[in-house]
Amino acid sequence: MRWLSQEDKSFVVDGMLGRLARWLRLLGYDTLYLREEDEEVLKIALKEKRVLLTRDQGLYRKAVASGAEAAYLVSENGADQLAQLAKSVGIRLEVDISRSRCPSCNSPIESADPSDLRGIVPATVLSRYSEFWRCTGCGKVYWRGSHWRKIGETLTKAKSLLSR
Ligand SMILES: [Zn+2]
1 MRWLSQEDKS
11 FVVDGMLGRL
21 ARWLRLLGYD
31 TLYLREEDEE
41 VLKIALKEKR
51 VLLTRDQGLY
61 RKAVASGAEA
71 AYLVSENGAD
81 QLAQLAKSVG
91 IRLEVDISRS
101 RCPSCNSPIE
111 SADPSDLRGI
121 VPATVLSRYS
131 EFWRCTGCGK
141 VYWRGSHWRK
151 IGETLTKAKS
161 LLSR
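Here the sequence shown is numbered in our numbering, starting from 1 and rising by one per residue.
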C-alpha cells in the first residue's frame, strides 16, 4: 500500500540484535526478534513484509536476493545502529510513549492508573512518579525511571551522527 508512510514499517531482527529490537519497539515499531535459523527469519520477513535487520552479511545478501527489504547493521553500537536506520530506512529518533510497544514482548502498551498498580510497583516508585504504562501483552509496567535519561542521551547521539 503505497500511501503508507515510512512510519508504518515493521521489522524482523535476527538473534544478534536483541538490543536493537528493544529500541525499535520503544520507538513504536512493530519488531519481531527471532532466534531462529536464517531461512526462518527470511521467510517471515517476506511473508509479513518486514524489513529484515541483521549483522550477518550472508543473511543480508540472501534477503536482498529474495526481494526482501533488508539492512546490514555495520556497528554493534546502539546509537550508530539507530543513526544508520534513520538514514537508510527513515525511522524516527523520538520516543512518543503513546505509540511505544513493550520492549520485552512487542505488544502495545497503554497508560495505567497508579491506583491500579499498588502491589505491582514498589510504593516508593508509585510515590515518585505520576505516569505509568502497562503492556497489554505481558503486563510489564513502565515509568520514566533513571534509565530514561540514558535513552535520551542515546537518541541525541544518534541524531548528532545523522547530521554529520
Ligand atoms: Zn510486554
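C-beta: ideal position from N, C-alpha, C; glycine also. Note that the structure is a prediction, hence the values are computed from the model and not measured.
| Query | Result |
| --- | --- |
| Three-state class that DSSP yields for ALA70 in the structure shown | strand |
| Exposure of TYR166, with buried meaning 16 or more beta-carbon neighbours within 10 Å | This structure cannot speak to residue 166, because the chain is shown only from 1 to 164. |
| Burial state of ARG134 (16 or more Cβ within 10 Å) | buried |
| contact_flag[the stretch 12 to 20, the stretch 89 to 104] where n(CB pairs < 8 angstroms) is 3 or more | no |
| Closer than 6 angstroms: residues whose CB approaches a heavy atom of ligand 1 | CYS102, SER104, CYS105, SER107, CYS135, GLY137, CYS138 and LYS140 |
| Boundaries (first-last residue) of the alpha helix (DSSP H) holding TRP148 | 147 to 162 |
| Short Cβ contact (8 angstroms threshold) for VAL41 with ALA71 | no |
| Integer-rounded CB distance, given that LEU161 should sit under 8 angstroms from ASP80 | 7 angstroms |
| Nearest-angstrom Cβ-Cβ length linking CYS102 and LYS140, presumed shorter than 8 angstroms | 6 angstroms |
| Same chain, Cβ closer than 7 angstroms to SER66, five either side skipped, listed in chain order | LEU42 and LEU46 |
| Start and end residues, alpha helix (DSSP H) containing ARG128 | 123 to 128 |
| LEU85 in three-state terms, based on DSSP | helix |
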